[in-house]
Amino acid sequence: MINKVLSYTRKHMDTLSYGQDIPAQLLMRHGKRLSFSKAKQGLQTIFQGFFTCCCRTPGPTMREILLLCLLALCQAKPYQPINVMDILRNHDIMQQDAGEDDDDDDDNNFLFPSRSFPPFATPDPECPFACQCSLRVVQCSDLGLKSVPKNIPKDALMIDLQNNKITEIKENDFKDLKNLYALFLVNNKISKIHPKAFDKMKKLQLLYLSYNLLTQIPSNLPKNILELRIHDNKINKVQKEAFRGMRSLHVLEMSANPLANSGIELGAFDGMSTLYLRIAEARLSAVPKDLPSSITELHLDYNKIGKVEVEDFIRYRNLLRLGLGFNQIKFVENGSLASIPNIREIHLDNNKLRSVPAGLSSLKYLRVIYLHANNINSVGVNDFCPTGGNVKKAPYQGISLFANPVKYWEVQPATFRCVSGRRGVQLGNFRRRK
1 MINKVLSYTR
11 KHMDTLSYGQ
21 DIPAQLLMRH
31 GKRLSFSKAK
41 QGLQTIFQGF
51 FTCCCRTPGP
61 TMREILLLCL
71 LALCQAKPYQ
81 PINVMDILRN
91 HDIMQQDAGE
101 DDDDDDDNNF
111 LFPSRSFPPF
121 ATPDPECPFA
131 CQCSLRVVQC
141 SDLGLKSVPK
151 NIPKDALMID
161 LQNNKITEIK
171 ENDFKDLKNL
181 YALFLVNNKI
191 SKIHPKAFDK
201 MKKLQLLYLS
211 YNLLTQIPSN
221 LPKNILELRI
231 HDNKINKVQK
241 EAFRGMRSLH
251 VLEMSANPLA
261 NSGIELGAFD
271 GMSTLYLRIA
281 EARLSAVPKD
291 LPSSITELHL
301 DYNKIGKVEV
311 EDFIRYRNLL
321 RLGLGFNQIK
331 FVENGSLASI
341 PNIREIHLDN
351 NKLRSVPAGL
361 SSLKYLRVIY
371 LHANNINSVG
381 VNDFCPTGGN
391 VKKAPYQGIS
401 LFANPVKYWE
411 VQPATFRCVS
421 GRRGVQLGNF
431 RRRK
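Here the sequence shown stands for residues 1 to 434, where the numbers follow UniProt numbering.
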């Protein structure tokens, strides 16, 4: 029965999409399902948008079916293990040091000498007890380990220690691993990391510390890290120069930490060149003013931000995607969006806006704007599209306005003159009374 229900729902959920599935976005966060409490916040939004777009009146039976769908989709564990093989494929880790220290021309310099070579070699005799070691990948996940195992092969490129009970990272735990490229310590009980624990790891580029008990950013992180994931910890403070010298860091995921604006010290992000930054599901009451100026993608969803001020984005002129959904934003000051002229996508859904934010029509490259589930009661003919001689460089692919008290029959057709495609606008909720 559930399979039939899910199949039916997926089929009809397409009426809400315009290249990106809105209901799916309400239930997913970068590959992992949201908890039931988070997904429940989008329940009414999905009901309203679904029935509006399908032009149906929601009856008790259909409501029960959709509720079953949501329950089925949300029944997931709080942590979804990392697929090591996906990391191998996506980052081509096995070829990271190919060519280094090569003094001859034979084919055995590479980790994959020939296409007929078996995918997994004979287990390394130096492999830690109960772990699996093959092709310089050390897998020690789900073993109940309380500390980092000894005898890890010195030439290891990847170490998987997720889903254990490790409480502390000591100074010499990784001292001989000079070639390590990726380290996964996700879903342990780590509350302490020695300041010199990563000193020798000059080639480390992927460091995952999510789902632990850390209260602040570890000191002296490797400078060459490309991706740092430290979400779902207990971090309430980002100290000054916490990321000093980390100019290669492109992805920083810090969501689901009890971090407030007061916990971010001035200069905390100095010396970074981060492109993707996420501080969602935290305790922010305003857009942080001291984030890296290089960011192109900023996600601050599920916080307590009450308004957007003129100076909020002056520092972030390179922004392409901005996520401010599920906050408490009542208004966006006029001129606030002028500081991000190259923005492509804005999420302002599930807030308390009473009108369409001013300045959208001047954003020539904006293609997607989420405004559903607010308190917007009217839409002006020039709220989205430029007037006069101004030209929009790229047409809208999607404007979501459902779950707002907008009388859609009163909206002028010319309002969406710069929207591409008939399914580019989601608008509804009110039925015209006869």
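The beta-carbon is built from N, C-alpha and C at its ideal position, and this holds for glycine as well. The model shown is predicted, which means the values in this text are computed figures rather than measured ones.
### Query
In the DSSP assignment, what residue or residues form a beta bridge with residue 193?
169
### Alpha carbon of residue 141 to alpha carbon of residue 132, nearest angstrom
Whole-angstrom Cα-Cα distance: 9 Å.
### Message
Could you tell me which whole beta strand (DSSP E) segments of length 3 or greater appear in the segment 257-301?
### Response
276-278, 297-299
### Query
Taking residue 217 as the reference, which of 225, 224, 236 has the closest Cα?
236
### Task
Please name the residue, chosen from 321, 305, 257, that lies closest to residue 275 on a Cα-to-Cα basis.
321
### Message
Am I right that residue 356 and residue 333 are in contact with their C-beta atoms under 8 Å? What's the rounded C-beta distance?
### Response
Incorrect: roughly 14 Å between the Cβ atoms, too far for contact.
### Message
Let's test the definition: count the other Cβ atoms within 10 Å of the Cβ of residue 262 and tell me whether it reaches 16, buried, or not, exposed.
### Response
Taking all protein chains in view, the Cβ of residue 262 is surrounded by fewer than 16 other Cβ atoms within 10 Å, so the residue is classified as exposed.
### Message
What does the alpha-carbon distance come out to for the pair residue 411 and residue 428?
### Response
11 Å
### Query
Short check: CB of residue 286 to CB of residue 302, under 8 Å?
no
### residue 230 and residue 253 closer than 8 Å at C-beta
yes
### Query
Among the residues of its own chain, which have a CB less than 7 Å from the CB of residue 300, if the five just before and after it don't count?
279, 280, 284, 287, 323, 324
### Query
Of the residues 358, 404, 160, which one's Cα is nearest the Cα of residue 185?
160
### Query
Which residues in the same chain have their Cβ closer than 7 Å to the Cβ of residue 420, if we skip the five residues on either side of it in sequence?
395, 396, 397
### Query
When DSSP builds the beta bridges, which residues end up paired with residue 435?
Summary: the structure shown does not reach residue 435, with the chain confined to residues 1 through 434, and so no result is reported for it.
### Buried versus exposed, by CB contacts within 10 Å (16 or more), residue 424
buried
### Query
Below 8 Å between beta carbons: does that hold for residue 330 and residue 306?
yes
### Message
Helix, strand or coil for residue 362? Go by DSSP, reduced to three states.
### Response
helix
### Message
Counting C-beta neighbours from all protein chains within 10 Å, is the total for residue 126 16 or more, i.e. buried, or is it exposed?
### Response
exposed
### Message
Here's a check: name, in chain order, each residue in its chain whose Cβ is nearer than 7 Å to the Cβ of residue 219, leaving out the five neighbours to either side.
### Response
195
#### Entry: Proximity below 8 Å, CB of residue 201 to CB of residue 174
yes
### Query
Pick from 167, 382, 282, 155: whose alpha carbon is nearest that of residue 188?
167
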